């Protein structure tokens, strides 16, 4: 009897990284309504925003290295990214329309609202993956594209194209990484260096907090829209890229390598990402932060942080993932040719999205020679 192939094993390191990063995303979103007037909270916000989405995009690029647009990969891209984008973009638009009492808020698939932009961006990035694979120096090309986008206010808001282009270098960087690069950042000396790195980042962020425009960290507007001269766009693009990559490395250095109690939650970070926005925006629309101004006090900000962390943790659990599988990672076998469905069921796992994408199957490890 022939040996049965061993199922692919998930890498605990990446699942741990995804969970910890999604907690930071949720906590940072929860800080937004309460950080006005708090220099310390804004400093923390600036540091977190400097690396949490770049780290997500880097990991997404890393797991896109073998994407060649095979039919089974395209199927997973559609069901794991495009379909969730449509579902949640419509859902969030309707939620804002009725919960915020803004009946005129449009339902548009071309203008992502709040956090759905990442799915639209990932769809575009993943489609361009074969292009970056054939270029000799893909990262400099991506940085030039991002720099040019930062000085072009006429790009428009369709699919949040500014973010797509300005975050592109992080995706391309992820595609350029190899397993040994992640082993390097987990070395003890790198972990030790991460402590003064983040301490210095917090001190710097505290110093510039009163003057720093948070919009630079969103990568969603041009330099002119940020009130700066045209040349500040490319300069800030390159400076923030360097800072974000270094901070992302420092963050990854402290991610546990082995299984922990939250490792299993790494497979459900897409649910945590897409669902926590309803809680944060729901609290804002309901006037919770206006009704309880003490939430803007230091003790209140701690409470807000803890509630956000617990809430997103619950949203990452397997029961929630199963409940929302129809919207987050639908199979949709009926929509594809039989040969594509068969190939997807038995083929390699490459092409599945990395967190926080609409495929909870990211972080699956293949043999070292398979990429």
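Numbering (the numbering used here), first residue to last: 3 to 373.
C-beta: ideal position from N, C-alpha, C; glycine also.
Keep in mind it's a predicted model, so treat the numbers as computed, not measured.
Between the segment 307 to 322 and the segment 81 to 90, the count of Cβ pairs shorter than 8 angstroms is below three; the stretches do not touch. In this structure, residue 287 and residue 36 do not form a Cβ contact; the two beta carbons are roughly 15 angstroms apart against a cut-off of 8 angstroms. Of all C-beta pairs linking the segment 308 to 315 to the segment 115 to 129, fewer than three are shorter than 8 angstroms, placing the two stretches out of contact.
For the options 345, 12, 147 and 199, the alpha carbon positioned closest to that of residue 240 is the one of 147. Sequence-distant Cβ neighbours of residue 276 in its own chain, meaning closer than 6 angstroms and more than five residues away, are 90. Comparing alpha-carbon positions, the option among 256, 106 and 205 lying closest to residue 193 turns out to be 256. Annotation: the segment 124 to 182 contains the following complete segments of the alpha helix (DSSP H) (minimum length 4 residues), in chain order: 140 to 152, 163 to 168 and 170 to 178. Runs of alpha helix (DSSP H) with 4 or more residues, each lying fully within the segment 269 to 311, are found at 271 to 287 and 290 to 293, listed in chain order.
When 122, 120, 88 and 121 are compared, the shortest CA-CA separation from residue 109 is found for 88. When DSSP states are grouped into helix, strand and coil, residue 73 belongs to the helix group. Residue 219 and residue 274 do not touch by the CB rule: their CB atoms are close to 21 angstroms apart, not below 8 angstroms.
Between residue 12 and residue 179, the alpha-carbon positions lie close to 18 angstroms from each other. Assignment of residue 328 by DSSP, reduced to helix, strand and coil, places it in the helix class.
Judged by DSSP in its simplified three-state form, residue 65 adopts coil rather than helix or strand. By a beta-carbon distance limit of 8 angstroms, residue 122 does not contact residue 253. Their separation comes to about 25 angstroms.
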